[in-house]
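Student:
There are 2 protein chains.
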Amino acid sequence: MSLAALLDSLPVPIIQAPMVGASLDALTLAVSRAGGLGTYAIATLSPAEIGPAIAAVKAVTTAPFGVNLLMAPKAEPDAAVVDAALARLAPWYAALGAPLPAAPNQFAQDFDAQLAAVVEAAPPMASFTFSILTPAQVDALHAAGTFVVGTATTVAEARAWAAVGADGICAQGFEAGGHRGHFLAETEASLVGTMALVATIRAAVELPVIAAGGIMDGRGVAAALALGASAAQMGTAFLLADEAVTSKPWRRAAETAGDDPTRLTRAFTGRHARGLENRFMREMKGVQDEVPAYPVQNRLTQPLRAAAAAAEDPEMLSLWAGQAVSLARPGAAGGLMRRWWAEAQQAAADLSARTAGRGRY
Amino acid sequence: MSLAALLDSLPVPIIQAPMVGASLDALTLAVSRAGGLGTYAIATLSPAEIGPAIAAVKAVTTAPFGVNLLMAPKAEPDAAVVDAALARLAPWYAALGAPLPAAPNQFAQDFDAQLAAVVEAAPPMASFTFSILTPAQVDALHAAGTFVVGTATTVAEARAWAAVGADGICAQGFEAGGHRGHFLAETEASLVGTMALVATIRAAVELPVIAAGGIMDGRGVAAALALGASAAQMGTAFLLADEAVTSKPWRRAAETAGDDPTRLTRAFTGRHARGLENRFMREMKGVQDEVPAYPVQNRLTQPLRAAAAAAEDPEMLSLWAGQAVSLARPGAAGGLMRRWWAEAQQAAADLSARTAGRGRY
């Protein structure tokens, strides 16, 4: 079976986006059981935890699901860099009454070991973000029976994933919440709206394209399919789902977001990501290009963000969200998906009526 | 009749975007005659020229059409500002062997006089970009029988247009080529992808929404309609049309654009706009925030761009284009539209088949 056939066989062509901090196995399972394809965000799991985590999902469902890894570069920053970054964060830790952490020994999980654990556990699908696999790594996943999806923010990145043998492309549009997945060019040169990105990637590579960014309801799903995507990936749309583990202040911020509330920021993690603008983003904006690159800054702000979440303070916490977050709705994931699919069917019927009745020159 | 009813009555729900420098009345007429709605870019016409220009279109077609005005602020820059800006441009003029222009007396057409001429000429539709009309100005257009469309890049701008009585919103997504139309917040806070922008504006205002940005073919048209737009606005898709007046080097650059070729720049006009990246954009990037605001810089680079076009030098010319420009195709506008509409009908049929056959839980 091909990935295209798998996606085409889904009762509902909706993929739940991996969201570190907001989605765990419960959401993945709920989405896959409701006829979509859930993606388990396993980037923060240690290599030893990955096998059991994937086995646990496999044990309770025969539905297809995916896992996602973030390909963090190996970080061995100078002590002075870490000290300076911590010094800059000190007032924020102090404001929360949280202790400034010591310089960590490790800044992210070891990707090669994580990948080996994924190959061993053989999930139906695995997607990758922030960099690109080698052809040998893709082959290893294929030998395990795992489909490989590469995240691309540009046509060039989609071509690169096709060249290493990926089975499909997740086209991450400008609208998407959370981290940008670019890996070839700088951030600014890697910002393409979902509408343009899906159309141009589809024209450039022969692989199935998964549309991501700005898809919040059944109309969005229908639009993604009309564009030629094989499935619609939705993350922010699941942020308020019962099965999401979105923290209280993050959830409340998403529920009460005003018009046009998101911005890109590098301040929280050292890599550009989209979230609801808050005080940390505003006040760090002028120095965001100076913080150490991901994963270093990400690791150094983790205790700060955990403390802010515990204190229910939305101003010092990363509130990742996509551009149309105001359309997010609460409820059980399965119920949300049923509603979206009914909306998509209605949108398809409306579109058919509109196109059939026109075009008489 | 309402604007919604007018758009719904179009044989093909495609609006040709106004493109100063690339579109004139010939393209407007071709699109309207082919069942769409052409928009005549009259921003550079003097108030005295506007009446006859609109009358000439009315004389040869009963099909609906629109006109577009750019609401340039009145500019009275200090002589020192103009001199400094010209000094910065001097090497570019010199490279083309073109004389450095004297400081102009006028930097843009007088908007109030242009608007009065439009009211007098009473075109079926008028759209406005860069700012917002007063309720009295909207009333005057309505009294003349002209529908008013406001360009919005954010939900807040759409709400503002609804509040002054506009009949519809042109939702200009991040992907769109040419000038950004924001007028409430700064550029960075006014960049929303088409997918998210159409969905959120549609949820926020009761007016018909025209989707613009990244729509390059029939699949894009179908996607825009599925999202709930009343029509799809296409500009870059017409850049290579026979009836477009796109200059030779601009046309060639669009035809040969590689992957992911556009960027936003402020360097050419003092207002952010999207175009194919060239030497002027790259070399002026570091100082683009220092050039005088639109319309001053726009006026000061006009002779440079005209000289570059005449010399067929694509490196010193604004090559406005949207993000999916690689999908632009040559041909007569009517033929392009027929092809896009057939594609949209096919996309609708495919979508119906996909949604009808799924969702069995």
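Protein sequences appear in the order of chains A and B.
Just so we're aligned: the first sequence equals residues -11 to 349 in this note's numbering.
Just so we're aligned: the second sequence equals residues -11 to 349 in this note's numbering.
All C-beta atoms, glycine included, are put in the ideal place defined by N, C-alpha and C.
As the structure is a prediction and not an experimental result, all values here were calculated from the model.
1. Measure the alpha-carbon distance for G54 of chain B versus L172 of chain B and round it to whole angstroms.
2. Quick one: which residues of the stretch 161 to 182 of chain A get their C-beta closer than 8 Å to a C-beta of chain B? List them in chain order.
3. Quick test of the definition: if touching needs 3 or more C-beta pairs under 8 Å, does the stretch 14 to 34 of chain A touch the stretch 238 to 251 of chain A?
4. Between which two residues does the beta strand (DSSP E) holding M113 of chain A run?
5. What did DSSP end up calling A187 of chain A once you bin it into helix, strand or coil?
6. Determine, using beta carbons only, whether A291 of chain B and P89 of chain B come nearer to each other than 9 Å.
7. Let me see if you follow: with CB-CB separation under 9 Å, is T315 of chain B close to chain A or not?
8. Let me check one thing: in DSSP terms, what residues is Y353 of chain A bridge-paired to?
9. Could you give the residue range of the beta strand (DSSP E) that holds L179 of chain A?
10. Excluding five sequence neighbours on each side, which residues of the same chain lie with their C-beta closer than 7 Å to the C-beta of Q125 of chain B?
11. Report buried or exposed for V137 of chain A, applying the criterion of at least 16 other Cβ atoms within 10 angstroms of its Cβ.
12. Is the CB-CB distance between V197 of chain B and I189 of chain B below 9 Å?
13. Going by DSSP, what residues sit across from W308 of chain B in a beta bridge?
14. May I have the straight-line CA-CA distance separating Y349 of chain B from I157 of chain A, to the nearest angstrom?
15. If we require 3 or more residues per run, which beta strand (DSSP E) segments fall completely within the stretch 126 to 183 of chain A?
16. With DSSP as the reference, identify every bridge partner of M7 of chain A, one or two as the case may be.
17. Using a Cβ cut-off of 7 Å, pull out every chain B residue sitting near M7 of chain A, in sequence order please.
18. With DSSP run on the structure shown, which of helix, strand or coil describes R251 of chain B?
19. With a cut-off of 9 Å, does the C-beta of P1 of chain B fall near any C-beta of chain A?
20. Between the beta-carbon of G23 of chain B and the beta-carbon of S306 of chain B, is there less than 9 Å?
21. Using a 10 Å radius around the Cβ and a threshold of 16 neighbouring Cβ atoms, would you call E300 of chain B buried or exposed?
22. So I203 of chain A contacts chain B; which residues on that side make the cut at Cβ distance below 7 Å?
23. What residue range is occupied by the uninterrupted beta strand (DSSP E) comprising A299 of chain A?
24. Residues of chain B with a CB under 9 Å from the CB of V143 of chain A: which are they?
25. Quick one, which residues of the stretch 286 to 319 of chain B are near chain A if we go by CB-CB under 8 Å, in chain order?
26. Sort out for me which residues DSSP pairs A198 of chain B with in a bridge.
27. Kindly list the residues whose CB is nearer than 6 Å to the CB of S235 of chain B, restricted to its own chain and excluding five residues on each side of it in sequence; keep chain order.
28. Under 9 Å, Cβ to Cβ, is there at least one residue of chain B near A212 of chain A?
29. On a CA-only basis, which of A:F118, A:A151, A:T117, A:A144 is nearest D127 of chain A? Give me that one, please.
30. Under 9 Å Cβ-Cβ, which residues of chain B neighbour A36 of chain A?
31. Starting from I120 of chain B, follow its DSSP beta bridges and name the residues at the other end.
Tutor: Answer, in terms of the structure:
1. Each residue's alpha carbon lies about 24 Å from the other.
2. Cβ contacts with chain B: G161, F162, E163, A173, E176, A177, S178, L179, V180, G181, T182.
3. The stretch 14 to 34 of chain A vs the stretch 238 to 251 of chain A: no contact.
4. Unbroken beta strand (DSSP E) run through M113 of chain A: 113 to 117.
5. A187 of chain A falls in the helix class under three-state DSSP.
6. Note on identity: in this sequence residue 291 of chain B is Pro, with Ala being the wrong assignment. Against a cut-off of 9 Å, the Cβ pair of P89 of chain B and P291 of chain B comes out as a contact.
7. For the record, residue 315 of chain B in the displayed sequence is Leu; it is not Thr. Using a Cβ-Cβ cut-off of 9 Å, L315 of chain B counts as an interface residue toward chain A, since at least one Cβ of chain A sits closer than that to its own.
8. Nothing in the structure corresponds to residue 353 of chain A, since chain A is present only between -11 and 349.
9. First-last for L179 of chain A: undefined, no H or E at that position.
10. Excluding sequence neighbours, Q125 of chain B sits near L103.
11. V137 of chain A is buried by the Cβ-count criterion.
12. In this structure, I189 of chain B lies closer than 9 Å to V197 of chain B by Cβ.
13. Beta bridge pairing from DSSP links W308 of chain B with B:G263.
14. Reliability of the predicted coordinates at Y349 of chain B is poor, the pLDDT of 43 falling under 50, and no value is obtained from them.
15. Correct list: 135 to 140, 156 to 160.
16. Paired residue(s): none; M7 of chain A is not in a bridge.
17. Residues of chain B passing the Cβ test: none, with the nearest at roughly 17 Å.
18. In this structure, R251 of chain B counts as strand in the three-state DSSP scheme.
19. Using beta-carbon distances, P1 of chain B counts as an interface residue toward chain A, with a partner under 9 Å.
20. It is not a contact, given that the beta carbons lie outside the stated cut-off.
21. Result: exposed.
22. Result: M183.
23. Looking at the DSSP string, A299 of chain A is not in any beta strand (DSSP E), and its letter there is neither H nor E.
24. The answer, in chain order, is G246, D247, D248, S314.
25. Here the close residues are G310, Q311, A312, S314, L315.
26. Contrary to the premise, residue 198 of chain B reads as Ile rather than Ala in this sequence. Answer by DSSP bridge pairing, in chain order: B:C158, B:A219.
27. Scanning its chain for C-beta atoms nearer than 6 Å, with the 5 sequence neighbours on each side dropped, one finds around S235 of chain B the residues A297, in chain order.
28. A212 of chain A counts as touching chain B.
29. When A:F118, A:A151, A:T117, A:A144 are compared, the shortest CA-CA separation from D127 of chain A is found for A:A151.
30. Within chain B, no C-beta atom comes less than 9 Å from the C-beta of A36 of chain A; the nearest is roughly 36 Å away.
31. Beta-bridge partners of I120 of chain B (DSSP): none assigned.
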